[in-house]
Amino acid sequence: MKKTLAILLAALLFVSLTACGGGTTTSTPTDSAPDSTPASNPASGDPVSEPAGEFELPGSYDFGGEELIIKNFGGRYGFQKPGGGEISDMEIRWKSAVEEAYHCKLVLETLIPNDTQNSLVTRILAGEKVADVIACHRLDVEKMRISGSLLKDLASQEIKDLGLDLTDPIWNATLTDALTYNGKTYGTYPSRPDIECGCLCFNKDMLNQLGLPDPYQYVATKEWTYDKFIEYCQAATKNGNYGFAYDNDSLMTLFHNNGGMQNISKLPDGRMQYTAYNAENVATIFYLKEKLVDAKLTPPEMGILDLHNMFKEGKLLFMSGPDTYYWAEDKWGSCDFDVGFLPMPIGPNGDDYSYVLRQWPICFCISATNDDPEMAVAFLNAYLAYEKVSAPLREQIIRDDWFGNDEQGYEVYQMLRTKEYYDWDIYDLGFLDIMYQPTAVFIHTEESVQATMEANATRFEKMVDDIYNKNYNP
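For any residue, its number in my numbering is found by taking its place in the sequence shown, counting from 1, and adding 1.
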């Protein structure tokens, strides 16, 4: 990006159109959880009591007071200040319970976002253990993997013998599969994915003013389709208002919902392949471009924050983005109208809803230089025990505090959280051009979908092969 002005300008354009997939969210992506709860929480600084037997910690360990080091971005795993919320205080109690039960001391070493993958690769290549457990972003796991298999295989017999069971349903099986290559698993995390992008919020007041049917009725029966969505956008586009505005990842989810379009796909042997360019995907993008962009049901090209302001001002019926925008006070939580929560619609060749995840999901991994991973496995299993206790409370907070006035929206949220899929066009690994192409050919009316994707196909195939496959050893 620093080598030529052209690439820099392309990157700036990408940022202007992207709300979340390209790392342009207003806050650093983390393994977020609802930490704001009713006022009955203890005041900040008050001690957090530990109920007896609150967590069923597995195993019988005595680590003799040793330090169990966790590399993370901070703010989790019991290192919070007391009084931050029911979930946060529960995690503090869990940390104390682990230290007492396993006779160890949990120590947090902070990672620096956007530099983590480089610093970790350098240290592991130098032979450092780094930490007992690394809790980093998916992009960091991928960087360590393609830099020379610098991580332990969590599915190996060595790790299984220490007691890690990746088939436990609390682990996020879809993420585990995304981080598994030819039978080797390099990372995992408990089953709590955030909908980083791919949900569709809508202006309920505008919907009622237009006399449109409640769209929630179509979701459960899979009748929330491209054509139904376009009908709503057509009805809303008048008097300076528009039907739909979007970020890059949500647009990819929209395309994916018509038969599974992915920019990069994983082959059975663990190699990667560029798969965006084919007749079906070209037809999908062309159809939606004709119906939404050429028909001027979307606003003219502008920065993503300008689009956000349009939605808050009541000038858009639909606006895509991450789930957190639904309740955030500086986003849709501060709107003067009621906001609803929908999945991206399904195309005629699709059979289910989805949302795309790329680089930000948090993952647990263990460095290949960790010659004694017993403490790491003990920590992972102990955190799984915490998840089993905290998950019901977390869900109650989400339902009551975030969706208290929208039971149907909560039902959509619950459904959609099980529909994540992972793409491998991670921009920090060098795939910015691949990641941005579907948006570029969609938004620019003068740009041919077919001709542009055909012209780039060979270059993108080589790019994927050079970055992912060149040094890959199945």
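Virtual Cβ for every residue (Gly too), placed ideally from N, Cα, C. It should be emphasised that the depicted structure is a prediction, and the values quoted were computed from it without experimental measurement.
Proximity winner among the options, relative to residue i (alpha-carbon distances)
| i | options | result |
| --- | --- | --- |
| Gly304 | Ala246, Glu159 and Leu165 | Ala246 |
| Thr446 | Thr299, Asp339 and Leu308 | Thr299 |
| Thr370 | Leu152, Leu213, Val340 and Gly86 | Leu152 |
| Gly54 | Ala102, Ser89 and Glu67 | Ala102 |
| Cys202 | Pro362, Ile265, Lys332 and Ile88 | Lys332 |
| Asp63 | Glu92, Asn204, Val99 and Gly271 | Val99 |
| Trp425 | Pro374, Lys267 and Phe404 | Lys267 |
| Glu330 | Trp403, Ile265 and Glu281 | Trp403 |
| Thr254 | Leu381, Pro344 and Ala284 | Pro344 |
| Val340 | Gly86, Asn382, Gly184 and Tyr411 | Tyr411 |
C-alpha gap between residue i and residue j, whole angstroms
| i | j | result |
| --- | --- | --- |
| Thr29 | Pro114 | Unreliable placement is indicated for Thr29, whose pLDDT of 38 sits below 50; the coordinate value is still reported in the next sentence. Answer to the nearest angstrom: the Cα atoms are 8 Å apart. |
| Glu232 | Asp295 | 15 Å |
| Trp95 | Thr419 | 27 Å |
| Asn472 | Ile147 | 7 Å |
| Leu109 | Arg77 | 9 Å |
| Leu121 | Val131 | 8 Å |
| Ala1 | Lys297 | As displayed, the chain neither begins before 2 nor continues past 475, which places residue 1 out of reach and without an answer. |
| Leu318 | Val378 | 48 Å |
| Leu176 | Val142 | 12 Å |
| Arg124 | Asp429 | 19 Å |
| Gly334 | Trp328 | 4 Å |
| Pro269 | Thr181 | 10 Å |
| Ser97 | Leu69 | 13 Å |
| Pro170 | Asp466 | 34 Å |
| Pro52 | Ile435 | Model confidence at Pro52 stands at a pLDDT of 44, short of 50, so the residue's coordinates are unreliable; what they give is reported in the following sentence. Computed Cα separation, rounded: 51 Å. |
| Tyr469 | His138 | 18 Å |
| Phe256 | Met454 | 15 Å |
| Val357 | Ser251 | 7 Å |
| Lys463 | Gln158 | 35 Å |
| Ala456 | Val450 | 10 Å |
| Asp47 | Trp361 | At Asp47 the pLDDT is 40, less than 50, meaning the model places this residue with poor confidence and gives no usable figure here. |
| Asn258 | Cys200 | 12 Å |
DSSP beta-bridge partners of residue i
| i | result |
| --- | --- |
| Leu201 | Ser321 and Leu343 |
| Tyr423 | Leu358 |
| Ile135 | Lys72 and Cys366 |
| Thr189 | Phe365 |
| Cys1 | For residue 1 there is no data in the structure shown, the boundaries of the chain being 2 and 475. |
| Thr181 | Thr186 |
| Glu110 | Lys72 |
Cβ-based burial, residue i [other Cβ within 10 Å; buried from 16]
| i | result |
| --- | --- |
| Ala40 | Here the model assigns Ala40 a pLDDT of 31, short of 50, so the residue's position is not dependable and the matter cannot be decided. |
| Arg460 | exposed |
| Pro301 | exposed |
| His104 | exposed |
| Pro194 | buried |
| Leu306 | exposed |
| Gln438 | buried |
| Ser89 | buried |
| Leu107 | buried |
| Leu293 | buried |
| Lys316 | buried |
| Gly164 | exposed |
Ranges of the alpha helix (DSSP H) found wholly within the segment 117–178, counting only runs of at least 4:
117–126, 139–147 and 158–162
Runs of alpha helix (DSSP H) lying entirely within the segment 220–286, each at least 4 residues, in chain order
227–237 and 249–257
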